[in-house]
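Trainee:
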Amino acid sequence: MSLLVVGSVAFDGIQTPFGSTERTIGGAATYFSLCASLLAPVRLVAVVGDDFSAKDRAVFSGRKIDLAGLEQAKGKSFFWSGRYSDDLRTRETLVTELNVFAEFQPKLPEAYRDSQFVFLGNIDPTLQRHVLSQMRRRPALVALDTMNYWIARTPEELAKTLRLIDALLINDEEACQIAGEHNLLRAAKRIFSMGPKAVVIKRGEYGAMLFHRDAILAVPAYPLEKVHDPTGAGDSFAGGFMGYLAGRRKIDHSSLRCAMIYGSVMGSFAVEQLGVERLRKLTRREVEVRARALVRMTSIRL
Ligand code: AMP
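This is the structure we're talking about:
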């Protein structure tokens, strides 16, 4: 079943101890789409500038990614750059140039308005609501990402948006910030009271946790000997999680649990090479092999 994603398509500058690039294709919606499209057809809504060439667009080719919603506007594409510490545990943002992203007014092509699975990437919460208002009917699942910038600056708008969604996918610091809690379990419970019925808290190399109804599932990050570049790991997790659900056309508790495995697996592939390099070559078969390996690593009989 089709999965709609709205978010950033960008150029990134990335500096890691293992390699750097001054300009490569990035953006949360790019990572998300490359991962999700291995599991379900994706409909992308984003804006790029006139510096985004046909060659750049080719990053999406060969995948089930509908680009009818990829708008090209006059001006420069969104540019972000960051530098990682030697142990890759911290990242300093060096540049954020919104460019055409500053005026982004997501417009859904007519054919996208019946999407049953929707991922509202990290953009202004008012715009996230604007996306939902264009849907012909209530999707089966609406999930959302956000960041400290919106949590701190537009808490009322974010609260209005949270009331309309089903699942929040967010990192641990942001979960605590939204909830005003230091404890993850209490933070998840507080977020439940704000609207979402499922909360996924991403914890980088420590894995991710799903809070749904009265149950909790903790999934580790897939262990890797070499991590090259953590950029986009969270967006790739979201792509795996949502792609799996859209592919299965199911959102019951057991599907949500399986989706956590696919999220973790996609995150692990994303970090293996610089930028989106590894994801461009990734196959469904490699995903399935790693998903099964992760399940074997985590199942215990007592
Ligand atoms: P992550 O490593 O999960 O934080 O994702 C990094 C990606 O998010 C990069 O490819 C950036 O282009 C994109 N990004 C960085 N800042 C923003 C922002 N303020 N809004 C939307 N996307 C962003």
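Reminder that position 145 of the sequence shown reads as 144 in numbering that gives the first Met the number 0, one-by-one numbering, no gaps.
C-beta: ideal position from N, C-alpha, C; glycine also.
Using a threshold of 8 Å, state whether the C-beta atoms of His3 and Phe77 are closer than that.
Mentor: Note on identity: in this sequence residue 3 is Leu, with His being the wrong assignment. No. Outside cutoff.
Trainee: Could you check the C-alpha separation between Thr15 and His227 for me, to the nearest Å?
Mentor: 7 Å
Trainee: Can you tell me which of Arg212, Val264, Asp213 and Cys257 puts its alpha carbon nearest to the alpha carbon of Ser235?
Mentor: Val264
Trainee: For the stretch 23–97, list the beta strand (DSSP E) runs that are entirely contained and at least 3 residues long, ordered along the chain.
Mentor: 41–47, 64–71, 77–83 and 90–96
Trainee: Let's test the definition: count the other Cβ atoms within 10 Å of the Cβ of Ser7 and tell me whether it reaches 16, buried, or not, exposed.
Mentor: buried
Trainee: Drop a sphere of 10 angstroms on the beta-carbon of Leu184, count the other beta-carbons inside from all chains shown, and report buried for 16 or more, exposed for fewer.
Mentor: exposed
Trainee: Tell me, please, which residues DSSP counts as bridged to Ala207.
Mentor: Ala207 pairs with Lys201 and Val218.
Trainee: With respect to the alpha helix (DSSP H) encompassing Gln176, which residues constitute its N-terminal and C-terminal limits?
Mentor: Counting along the chain, the unbroken alpha helix (DSSP H) around Gln176 starts and ends at Asp171 to Ala178.
Trainee: Can you tell me which of Trp149, Arg136 and Arg300 puts its alpha carbon nearest to the alpha carbon of Asp123?
Mentor: Trp149
Trainee: Skipping 5 residues on each side, what residues in its chain have a beta carbon closer than 8 Å to that of Arg56?
Mentor: Leu66 and Leu69
Trainee: In the DSSP output, which residue or residues are listed as bridge partners for Leu2?
Mentor: Val41 and Phe116
Trainee: Name the one or two DSSP bridge partners that Ala187 has.
Mentor: According to DSSP, which records beta bridges pairwise, Ala187 is partnered with nothing at all.
Trainee: What residues in its chain sit with their C-beta under 8 Å from that of Gly74, if we drop five residues either side in the sequence?
Mentor: Gly48, Asp49, Asn98 and Val99
Trainee: Which residues does DSSP pair with Ala166 in a beta bridge?
Mentor: Ala142 and Ala197
Trainee: Residue range of the beta strand (DSSP E) that Thr230 falls in?
Mentor: Segment: none, Thr230 is in no beta strand (DSSP E) and carries neither H nor E.
Trainee: Helix, strand or coil, according to DSSP, for Ile13 in the structure here?
Mentor: strand
Trainee: Taking just the CA atoms, how far does Ala207 sit from Gly262?
Mentor: Each residue's Cα considered, the two are about 9 Å apart.
Trainee: By Cβ distance, which residues of its chain are closer than 6 Å to Gln115, with the 5 residues on each side in sequence left out?
Mentor: Met0, Pro138 and Ala139
Trainee: Could you give the DSSP three-state label for Thr153: helix, strand or coil?
Mentor: Assigned with DSSP and collapsed to three states, Thr153 falls in coil, not helix or strand.
Trainee: Going by beta-carbon coordinates alone, are Asp113 and Arg135 separated by less than 8 Å?
Mentor: Yes, Cβ-Cβ distance for Asp113 and Arg135 is below 8 Å.
Trainee: Could you tell me how far apart the beta carbons of Val46 and Ser32 are, in whole angstroms, since I believe they sit closer than 8 Å?
Mentor: The pair is not a contact, with the Cβ atoms about 14 Å apart (cut-off 8 Å).
Trainee: Going by DSSP in three states, Gly274 sits in which element: helix, strand or coil?
Mentor: Coil, per DSSP.
Trainee: Would you check if the distance between the CB atom of Val58 and the CB atom of Arg279 is smaller than 8 Å?
Mentor: yes
Trainee: According to DSSP, is Glu306 helix, strand or coil?
Mentor: The requested residue 306 is not part of the displayed model; the chain covers only 0 to 301.
Trainee: So, at 8 Å on beta carbons, what are the nonlocal neighbours of Leu157 in its own chain, with the 5 sequence-adjacent residues on each side left out?
Mentor: Pro124, Thr145, Trp149, Ile150 and Ile177
Trainee: Relative to the alpha-carbon of Leu293, which residue among Asp213, Val270, Ile250 and Val218 has its alpha-carbon at the smallest distance?
Mentor: Val218
Trainee: Could you compute how far the alpha carbon of Glu180 sits from the alpha carbon of Ala186?
Mentor: 5 Å
Trainee: Under the three-state reduction of DSSP, which class applies to Ser19: helix, strand or coil?
Mentor: strand
Trainee: From Ala9, Val198 and Pro105, pick the residue whose C-alpha is nearest to that of Leu143; which is it?
Mentor: With distances taken between Cα atoms, Leu143 lies closest to Val198.
Trainee: Helix, strand or coil: which one does DSSP assign to Arg212?
Mentor: coil
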